[in-house]
Structures are given as C-alpha cells and as structure tokens.
Amino acid sequence: IPATPPTFVSDLKNKTVTEGESVTLECHISGHPQPTVTWYREDYKIESSMDFQITFKAGLARLVIREAFAEDSGRFTCTATNKAGSVSTSLEEVSGEPIPPFFIRKPMQFGPAHFECRLTPIGDPTMVVEWLHDGKPLEAANRLRMINEFGYCSLDYGVAYSRDSGVITCRATNKYGTDHTSATLIVKDEKSLVEESQLPEGRRGLQRIEELERMAHEGIYYKNFVRLI
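Numbering (this note's numbering), first residue to last: 4 to 232.
Following this line, the structure appears as structure tokens:
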C-alpha cells in the first residue's frame with residue numbers, strides 16, 4: 004500500500020468553557036502509515052500528564068485538559084506526521100471563563116454540630132475558604148475540623164458549648180469575587196442540647212426539645228443538635 008500523507012477528516016473547533024471544568028479537544032486524522040500526533044499550546048509541546056491526557060486511537064486524536072483555567076487560554080495545535088508528510092490544525096482559544104465563588108448548596112445539618120455546603124468553581128487555585136463565628140474567623144483546633152475538597156466544605160465541632168451559639172458563616176474568595184452563606188447554631192445549656200429545625204412555626208420544635216430532654220433524663224445521651232435559620 005503506497006504511503007499517503009496525513010489528512011484531517013475533521014479539524015479542531017474553538018471552545019469556551021467555564022473555569023475549573025474539563026475540556027476535550029479532538030480531531031479525526033487519516034493517512035498511511037499511521038501518523039504520529041503531537042500537541043502544542045502556542046509553540047510549546049504538550050506532554051501527557053495528570054493535567055493533560057493525550058490519546059490517538061482509530062484515527063481519533065484527543066487532548067483532555069483536566070481543569071481549564073484562564074491562563075490556559077491560547078492557540079492549541081495538533082500536528083500529524085508520517086513519512087509522506089505533515090499537517091496541522093489549530094483552534095484559536097480555549098478560555099477558562101473567570102467566575103467568582105458561588106455556593107450551590109447552603110449549610111445543612113441533621114445531627115451533631117456539623118455544617119457542610121457545596122461550592123463552585125472546583126479546583127480554583129486562587130480560592131480561599133474561611134469559616135466565621137459571628138463575623139470572626141474560626142481556626143482549626145482540637146475540637147474544630149475544617150475540610151475544603153473538590154467543592155465540598157465542612158465544619159465539625161467535636162464538642163459544642165453554649166458559647167458556640169451564633170451565626171456560622173462560610174466565606175469563599177477568589178480573584179474574581181466573594182460569596183458567603185450562613186446558618187445559626189444554637190447550643191442549649193451545658194448539656195449541649197439544641198433544637199434541630201428549619202420550621203419557625205411552633206409546636207414541632209418545642210415537642211422535639213421536650214422529647215430530647217425526656218430521653219436525656221432517661222439516660223440516653225445526645226451530644227448536640229443544630230437548628231438552621
């Protein structure tokens with residue numbers, strides 16, 4: 004079979020994506036013998052890595068960018084080469100659209116003093132997440148545990164005291180802006196028994212507290228509960 008130079012059956016297409024999202028660039032290539040494929044960002048060769056996954060199977064050349072950020076914007080080129088020739092296709096820009104933090108789920112809690120919420124964009128290296136009590140920053144300590152991973156944010160109180168009552172705020176900041184979300188923690192007396200309810204009306208909350216107090220007197224220990232307002 005005579006050698007034929009590489010040909011792009013389909014070219015790269017320009018793309019715009021939200022910052023932090025995965026993006027896939029692909030094109031179809033024919034040619035004999037099978038071409039070797041090289042990817043470039045501007046004039047720099049891209050090597051396969053955790054952040055950039057390169058594959059070429061059955062004529063489909065693909066580059067997957069695990070997370071796209073604004074600094075990834077630029078010209079991406081795919082070059083196919085065999086002994087009969089070489090050909091390239093480019094897209095002008097892959098831009099991570101800059102977005103400020105946004106809480107897609109507000110703090111929720113059912114059980115011990117534990118707050119959690121969901122945040123976007125995911126994987127933003129400029130993102131700073133803080134927890135505050137009545138506007139004052141909280142710091143991780145023996146009885147406070149904070150997690151911020153892949154858009155999941157949580158705050159755990161190992162033990163809650165009456166002085167911990169107040170407005171608990173999660174605040175996220177990146178170079179494009181700030182967002183925050185809050186809930187109210189009420190710790191009742193030294194036993195750390197609090198009401199858990201999002202319903203302001205009446206009897207359900209009162210009956211719940213009375214039930215918990217009855218159980219506590221009967222020797223059933225409830226560490227703490229949370230009311231979100």
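For every residue, glycine included, the Cβ atom is placed at its ideal position computed from N, Cα and C.
Spatial distance of residue i from residue j (CA atoms)
i      : j      : result
Thr92  : Pro104 : 35 Å
Ile102 : Ala71  : 12 Å
Asp46  : Lys86  : 23 Å
Gly77  : Arg44  : 7 Å
Ile107 : Asn145 : 29 Å
Arg230 : Lys48  : The predicted model places Arg230 with a pLDDT of 37, which falls under 50 and marks its position as unreliable; any figure quoted below should be read in that light. Roughly 55 Å separates the two Cα atoms.
Val40  : Asp75  : 21 Å
Thr82  : Phe153 : 34 Å
Leu209 : Trp134 : Confidence in Leu209 is poor, its pLDDT being 47 and thus under 50, which makes the residue's placement unreliable; the coordinate value appears in the next sentence. Using only the alpha carbons, I get a separation of about 29 Å.
Leu15  : Tyr155 : 34 Å
Glu204 : Thr184 : Note that Glu204 has pLDDT 43, beneath the 50 cutoff, so the model's placement of it is unreliable and no number is given.
Trp42  : Ala186 : 48 Å
Phe55  : Val132 : 27 Å
Ala143 : Thr123 : 22 Å
Thr129 : Lys191 : 38 Å
Tyr160 : Thr181 : 25 Å
Ser51  : Gly88  : 24 Å
Tyr148 : Arg121 : At residue 148 the sequence reads Arg, which differs from the Tyr that was named. Taking the straight line from one Cα to the other gives about 17 Å.
Short Cβ contact (7 Å threshold) for residue i with residue j
i      : j      : result
Gly62  : His31  : yes
Ser168 : Glu119 : no
Ile125 : Gly23  : yes
Ala175 : Ala116 : no
Asn17  : Leu94  : yes
Option nearest residue i by Cα separation, candidates the options
i      : options                        : result
Ser165 : Ile189, Asn177 and Lys16       : Ile189
Ile4   : Val12, Gln37 and Val131        : Gln37
Arg69  : Pro110, Thr58, Val26 and Trp42 : Val26
Asp137 : Met130, Cys173 and Thr123      : Cys173
Phe59  : Ser33, Met53 and Phe79         : Ser33
Leu141 : Asp127, Val170 and Lys178      : Val170
Pro303 : Leu15, Val90 and Arg121        : Because the chain is modelled from 4 through 232, residue 303 falls outside the range shown and cannot be assessed.
Ala6   : Thr129, Thr184 and Thr84       : Thr84
Tyr179 : Asp127, Glu29, Arg65 and Glu50 : Asp127
Val20  : Arg121, Gly88 and Val67        : Val67
Val12  : Ala64, Phe79, Ser52 and Ile57  : Ala64
Phe79  : Gly161, Leu28 and Asp159       : Leu28
Residue range of the beta strand (DSSP E) that includes residue i
i      : result
Pro9   : Thr7 to Ser13
Phe118 : His117 to Thr123
Met53  : Element bounds for Met53: n/a, residue is neither H nor E.
Val20  : Lys18 to Thr21
Tyr43  : Thr39 to Arg44
Val190 : Premise fails: Val190 is in no beta strand (DSSP E) and is neither H nor E.
Thr172 : Gly169 to Asn177
Ile68  : Leu63 to Ile68
Ala83  : Phe79 to Asn85
Asp159 : Tyr155 to Tyr160
Gly34  : Val26 to His35
Gly138 : It is not in any beta strand (DSSP E) - Gly138 carries neither H nor E in the DSSP assignment.
Ile4   : Looking at the DSSP string, Ile4 is not in any beta strand (DSSP E), and its letter there is neither H nor E.
CB contact check: residue i to chain C, cutoff 7 Å
i      : result
Phe106 : In the structure shown, chain C does not exist; there is a single protein chain.
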